[in-house]
Amino acid sequence: MAKLGFLGLGIMGYPMARHLMRGGHQVAVWSHTAAKARQLAEAEGGTACATPREVAAASDCVFLCVGNTDMCEQVILGPDGVIEGAQPGTVVADASTVSISRSRAIGQKLAAKGIHFLDAPCTGSKPGAEGGTLTFMIGGDKEVFERVRPYFEPMGKMLYYCGGPGLGLQAKLTQNLILCNLLQAFNEGFVLAAKAGLDMDQMLDIISNSAARSGLVSFKAPYVFRRDFATNFSVQWMHKDIGLMLESGLELNVPLPLTGLTQQLFRAALARGYGKDDICSTIKVLEEIAGVEVKSAKK
């Protein structure tokens, strides 16, 4: 049984930490919403802590999954943060999707204290977190990753070591770049098809049996067709990730023209109040402009 910590108990973090507890580990947890930490600890036999510092002091390996880069810096480097409680040799694995350059800076500050750091963003959204089937992309020291690999396994089934610091995040942002642009292509294509009067279920079948088939489209289209925009991965967090993609493109001098356009459509969805809805709700921006809804004719 390992002494683990988990910081951040949102839509992803709560089930991830629960899997670690059910995997037989001793897990200390913290959340901005203290009631979540108490609830999980009481239900699964973990320990609720008042600060990230307390979690780090009780752990040999600390995972975190928080919303953005500022939150990440705060819980790791801020007052009562991980850096104040972790002993030399502790491993910190950040499953958040954050700025690559700022993540590397966090790792350097931890290294100065003898603390190991891995960027370890994950993909799979809410279903993957709940099912323990997430895919992790890891950047950092390979020997450190191999040492803590067994702790990832209750949370995910695919673990990719991508290289040095920041490269796990680079892989995650690359994956999300393709995903968000595919979603925008789906939005445009199916709004156009609906406006023309095509049957949506038949159109999906055509796409699924052509070179345009996509796992994302096959998964998201039924939600759109039944007008179910409950959150698996929210508009606001994908919009944040798109900003990180464009930041990386700027730093590496790589033009990302399509991604820039997709960012504007996501921003329009935010402006219309869809920020906390699932990313598939972005289709409503184009639907409102076109005066049509993409929905199934089936009852």
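Once you know that position 160 of the sequence shown is 145 in the numbering used here, the rest is easy, because the numbers rise by one and skip nothing. By construction, the Cβ of each residue, glycine as well, lies at the ideal position given by its N, Cα and C atoms.
(request) Please classify residue 13: does DSSP put it in a helix, a strand, or coil? (result) Residue state for residue 13 is assigned as strand, using DSSP reduced to three classes.
(request) Report all residues from its chain with a CB closer than 8 Å to the CB of residue 286; omit the five preceding and five following residues, and keep chain order. (result) Residue numbering for the chain in the displayed model covers -14 to 284; residue 286 lies beyond these limits and cannot be assessed.
(request) Buried or exposed for residue -14, please, with buried defined as at least 16 other CB atoms from any protein chain shown within 10 angstroms of its CB. (result) Exposed, by the Cβ-count rule.
(message) For residue 263, list the residues DSSP reports as bridge partners.
(response) Partner(s): 219.
(message) For residue -10, tell me which candidate among 92, 75, 168 has the shortest Cα-Cα distance.
(response) Closest by alpha carbon: 75.
(request) Going by CA-CA distance only, name the one from 260, 258, 225 that's closest to residue 245. (result) Nearest option by C-alpha distance: 225.
(message) If you measure between the beta carbons of residue 117 and residue 103, is that distance less than 9 Å?
(response) The Cβ atoms of residue 117 and residue 103 lie no closer than 9 Å to each other.
(request) Enumerate, from N- to C-terminal direction, the unbroken beta strand (DSSP E) stretches of 3 or more residues contained entirely within the region 9 to 83. (result) List check, beta strand (DSSP E) in window: 11 to 15, 46 to 49, 76 to 79.
(request) Taking only runs that begin and end inside the region 115 to 163, name each unbroken beta strand (DSSP E) of 3 or more residues, in chain order. (result) Fully enclosed beta strand (DSSP E) runs of 3 or longer: 119 to 124, 141 to 148.
(request) Out of 66, 129, 142, point me to the one whose CA is closest to residue 148's CA. (result) Residue 148 has its Cα closest to that of 129, out of 66, 129, 142.
(request) Inspect the CB distances between the region 167 to 176 and the region 253 to 263 and report whether three or more fall short of 8 Å. (result) They do not touch, by the three-pair rule.
(message) Am I right that residue 136 and residue 34 are in contact with their C-beta atoms under 8 Å? What's the rounded C-beta distance?
(response) With a Cβ gap of about 18 Å, residue 136 and residue 34 do not count as contacting.
(request) Count the C-beta pairs between the region 71 to 87 and the region 19 to 27 that are closer than 8 Å, then say yes if the count reaches three, no if not. (result) Flag = no, the region 71 to 87 and the region 19 to 27 do not touch.
(request) Kindly list the residues whose CB is nearer than 7 Å to the CB of residue 280, restricted to its own chain and excluding five residues on each side of it in sequence; keep chain order. (result) So the list reads 185, 210, 212, once near-sequence residues are dropped.
(message) With the cut-off set at 9 Å, would you say residue 57 and residue 87 are in Cβ contact?
(response) In contact: residue 57 and residue 87 (Cβ atoms closer than 9 Å).
(request) Alpha carbon to alpha carbon, how far is residue 0 from residue 114? Give it in angstroms, no decimals. (result) Straight-line Cα distance between these residues: approximately 6 Å.
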